[in-house]
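Following the working numbering from start to finish, the sequence shown increments by one per residue and tops out at 804.
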Amino acid sequence: MRAHEAGAIHGEYGHSPSWLRPPVDVNDLLPQLWARTVRRGDDGYLQVGGVSVAALAEEFGTPAYIVDEADFRHRLAEFRDAFAEAFGPGSGQVYYAGKAFLCKAVARWVAEAGVNLDVCTEGELAVALAAGFPAERLTFHGNNKSGAELAAALRAGVGRIVLDSFDEIDRLTGLARDTGSTPDVLIRTKVGVEAHTHEYIATAHEDQKFGMSLPSAAEAARRVIGDGVLRLRGLHSHIGSQIFDTTAFEVAARRVIGLHQRIQAEHDVTLPQLCLGGGFGMAYTTQDDPASPAALAGELRKIVDHECAALGIPVPVISVEPGRAICGPSTFTLYRVGTVKPVDLDGGRVRSYVSVDGGMSDNLRTALYDASYSATLASRTSDAAPVLARIVGKHCESGDIVVKDEFLPADVTPGDLVAVPGTGAYCRSMASNYNHVPRPPVIAVADGRARVVVRRESVDDLLRLDVG
Ligand SMILES: *Cc1c(COP(=O)(O)O)cnc(C)c1O
Numbered sequence: 337m338r339a340h341e342a343g344a345i346h347g348e349y350g351h352s353p354s355w356l357r358p359p360v361d362v363n364d365l366l367p368q369l370w371a372r373t374v375r376r377g378d379d380g381y382l383q384v385g386g387v388s389v390a391a392l393a394e395e396f397g398t399p400a401y402i403v404d405e406a407d408f409r410h411r412l413a414e415f416r417d418a419f420a421e422a423f424g425p426g427s428g429q430v431y432y433a434g435k436a437f438l439c440k441a442v443a444r445w446v447a448e449a450g451v452n453l454d455v456c457t458e459g460e461l462a463v464a465l466a467a468g469f470p471a472e473r474l475t476f477h478g479n480n481k482s483g484a485e486l487a488a489a490l491r492a493g494v495g496r497i498v499l500d501s502f503d504e505i506d507r508l509t510g511l512a513r514d515t516g517s518t519p520d521v522l523i524r525t526k527v528g529v530e531a532h533t534h535e536y537i538a539t540a541h542e543d544q545k546f547g548m549s550l551p552s553a554a555e556a557a558r559r560v561i562g563d564g565v566l567r568l569r570g571l572h573s574h575i576g577s578q579i580f581d582t583t584a585f586e587v588a589a590r591r592v593i594g595l596h597q598r599i600q601a602e603h604d605v606t607l608p609q610l611c612l613g614g615g616f617g618m619a620y621t622t623q624d625d626p627a628s629p630a631a632l633a634g635e636l637r638k639i640v641d642h643e644c645a646a647l648g649i650p651v652p653v654i655s656v657e658p659g660r661a662i663c664g665p666s667t668f669t670l671y672r673v674g675t676v677k678p679v680d681l682d683g684g685r686v687r688s689y690v691s692v693d694g695g696m697s698d699n700l701r702t703a704l705y706d707a708s709y710s711a712t713l714a715s716r717t718s719d720a721a722p723v724l725a726r727i728v729g730k731h732c733e734s735g736d737i738v739v740k741d742e743f744l745p746a747d748v749t750p751g752d753l754v755a756v757p758g759t760g761a762y763c764r765s766m767a768s769n770y771n772h773v774p775r776p777p778v779i780a781v782a783d784g785r786a787r788v789v790v791r792r793e794s795v796d797d798l799l800r801l802d803v804g
């Protein structure tokens with residue numbers, strides 16, 4: 337078991353661009369970073385779903401999130417099939433983590449793929465229900481669900497509610513009694529494993545807000561079973577995000593399956609379900625090399641089989657909750673360049689600051705997590721030499737960086753379009769109105785057609801909320 341300092345873990349997000357080398361040809365699109373239908377046309381413009389970004393920028397403006405619908409649907413199907421195959425039909429279930437990105441169109445794609453859906457607020461629940469998503473295929477998450485949210489979940493008849501605290505057990509038990517309902521629940525455990533990118537830490541105590549320690553979760557199970565109001569279906573564990581190998585899942589699974597077995601033995605019950613969470617990694621830069629869903633499902637099957645066999649218990653129905661691995665790679669953000677400013681660095685090097693018409697309001701991840709992204713000139717090819725560039729936004733904040741380090745052609749100029757891939761997860765969903773900048777639209781493209789699925793905000797939208 338490897339243990340690492342938190343600093344070392346976050347270093348993996350790419351503080352150091354020492355790995356960064358100019359690509360052989362800056363005009364090339366690296367397939368692992370782009371949605372499946374993205375190509376560069378003969379005219380130099382990127383195309384997606386058979387539509388040129390020239391037409392997209394003209395019709396919908398910039399910045400805009402451009403979703404390759406076929407790519408999104410393909411990843412849903414890939415996860416669904418991989419887990420059904422590895423665990424058996426019905427025994428390996430996928431829940432798309434809606435917090436990564438949810439709108440009505442996405443909820444319909446998820447429903448049509450036969451994939452289930454995680455929501456964690458009344459707002460996400462409302463989007464799912466507005467799209468006609470079947471409530472019994474929803475899981476409701478959250479460490480501080482309000483009474484109103486729990487009541488809405490019960491009214492809707494969501495399939496499962498994941499309990500996160502004793503307070504919530506009391507709250508939900510009271511509501512269920514009052515309304516005569518018997519909701520299915522999981523208990524979220526903290527297994528003392530925290531994973532990020534290629535590293536994880538396993539500790540005895542976990543200083544974070546989600547879930548219940550193993551002894552607390554055992555006590556929670558006692559209360560739920562003792563009350564006989566909520567129907568305990570199993571345990572839940574989610575260990576982090578942007579995880580690339582299954583070692584951390586192995587440690588987590590050993591601990592959570594151990595508790596699963598102890599609860600079954602203590603109460604002489606069968607817990608039919610076990611959720612292992614999400615966090616499967618995706619490629620933001622060439623440094624990321626995610627496993628296929630099939631490889632991942634196969635590994636998890638081996639881990640679960642091994643732990644269950646060691647304890648002599650049957651394998652429960654396993655669920656997973658991928659978010660970014662499904663929606664992240666499907667989308668790129670299309671920006672227009674406004675200013676270009678060369679800045680002298682130490683040692684005579686120069687970095688080109690390329691300012692675009694969005695920024696930390698449409699992609700907070702770089703500022704929030706020191707996340708790495710890549711980018712390409714999207715409106716033409718160029719024979720100019722590559723220069724080290726930093727793509728920055730238009731906000732009043734020097735940390736307003738979209739792409740920290742990327743090589744772009746030296747002749748990038750105001751008016752050019754730039755595309756940043758891998759922005760489908762946690763970009764629109766975390767977007768803000770900082771500096772009163774309206775949030776960009778989400779445009780779905782498929783089979784030569786583009787349509788708005790979330791419209792662009794307007795200044796009127798902003799003023800409408802400002803009733804003073
Ligand atoms: C955020 C979250 C996920 C999804 O994480 P990704 O990194 O997007 O896969 C899954 N389950 C839970 C409980 C989460 O909080």
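We treat Cβ as the ideally placed atom computed from N, Cα and C, and that holds for glycine.
On a predicted model such as this, the values are computed, not experimentally measured, just so you know.
Once DSSP output is grouped into helix, strand and coil, what is the label at GLN368? helix
Which same chain residues end up closer than 6 Å to GLY615 when comparing Cβ atoms and leaving out the 5 residues on each side of it in sequence? GLY576, SER577, ILE579
(Q) If you reduce the DSSP assignment to three classes, tell me which class GLU657 lands in. (A) coil
_Taking 6 Å as the limit between beta carbons, can you name the residues of its chain near TYR689, skipping five residues before and five after?_
LYS677, VAL679, ARG726, VAL728
May I ask you to check if the CB of GLU586 is nearer than 7 Å to at least one heavy atom of ligand 1? no
Excluding sequence positions up to five away, which residues of its chain have a Cβ less than 6 Å from the Cβ of GLY630? This sequence places Ala at residue 630; Gly is not what is there. Correct list, in chain order: ALA418.
ARG660: beta carbon under 7 Å from a heavy atom of ligand 1? yes
Do the CB positions of GLY478 and ARG716 come within less than 8 Å of each other? no
From this set, ILE639, THR606, ALA755, which residue's C-alpha is nearest PHE423's C-alpha? ILE639
| said: When you measure from the CB of GLY613 to every non-hydrogen atom of ligand 1, does any distance come out below 7 Å? | reply: yes
### Message
DSSP three-state label for ARG785, please.
### Response
strand
- Message: Given 7 Å as the limit, tell me if GLN429 has its C-beta closer than that to any heavy atom belonging to ligand 2.
- Response: Looking at this structure, you won't find ligand 2 anywhere; what it does contain is ligand 1.
Can you tell me where the beta strand (DSSP E) with ARG297 in it begins and where it stops?
In this structure the chain extends from 337 to 804, so residue 297 is not present and cannot be described.
Short check: CB of ALA746 to CB of THR712, under 8 Å? no
- Item | Boundaries (first-last residue) of the alpha helix (DSSP H) holding GLU485 | 483–492
Continuous beta strand (DSSP E) stretch holding VAL748: start and end: No beta strand (DSSP E) holds VAL748; DSSP gives it neither H nor E.
| Which term fits ASP500, buried or exposed, when burial requires 16 or more other beta carbons within 10 angstroms of its beta carbon? | buried
Beta-carbon proximity check, GLY758 vs TYR705, cutoff 8 Å | no
> What number of angstroms, rounded off, separates the C-alpha of SER552 from the C-alpha of VAL565?
Replying inline: 19 Å
Would you list the one or two residues that DSSP bridges to LEU607? Bridge partners of LEU607: none, in fact.
How far does the beta strand (DSSP E) with ILE497 in it reach, from first residue to last? 496–499
Q. Would you report the Cα separation of ASN363 and LEU382, rounded to the nearest angstrom?
A. 10 Å
- With distances taken from CA atoms, which of VAL739, LEU636, THR669 is nearest ARG687? VAL739
Throw me the rounded Cβ distance for the GLU405 and ALA780 pair, which I believe falls under 8 Å. 5 Å
| What are the start and end residues of the alpha helix (DSSP H) that includes LEU724? | From DSSP, LEU724 is part of no alpha helix (DSSP H) but of the beta strand (DSSP E) over 722–728.
Checklist entry - From this set, THR525, PRO776, GLY735, VAL451, which residue's C-alpha is nearest THR549's C-alpha? => result A small fix is needed here, since residue 549 is Ser in this sequence, not Thr. When each option's Cα is compared against that of SER549, the closest is THR525.
Find out if the Cβ-Cβ distance for the pair GLY674, SER691 is shorter than 8 Å.
yes
query: Do HIS532 and ligand 1 come close, with the Cβ less than 7 Å from some heavy atom?
result: no
DSSP three-state assignment for ARG791, whether helix, strand or coil: coil
Endpoints, alpha helix (DSSP H) assigned at ILE575
Element bounds for ILE575: n/a, residue is neither H nor E.
Contacting residues, own chain, Cβ-Cβ under 8 Å from GLY483 (five flanking each side not counted): ARG507, LEU511
Item to complete: In the DSSP assignment, find the beta strand (DSSP E) that holds GLY674 and state where it starts and stops.
Response: 667–680
Would you mind working out which of ASP752, ASN452, PRO519, PRO658 sits nearest LEU612, comparing C-alpha positions? PRO658
**Prompt:** Based on Cα-Cα distance, which residue from ASP783, VAL803, GLU530 lies nearest to ASP581?
**Reply:** GLU530
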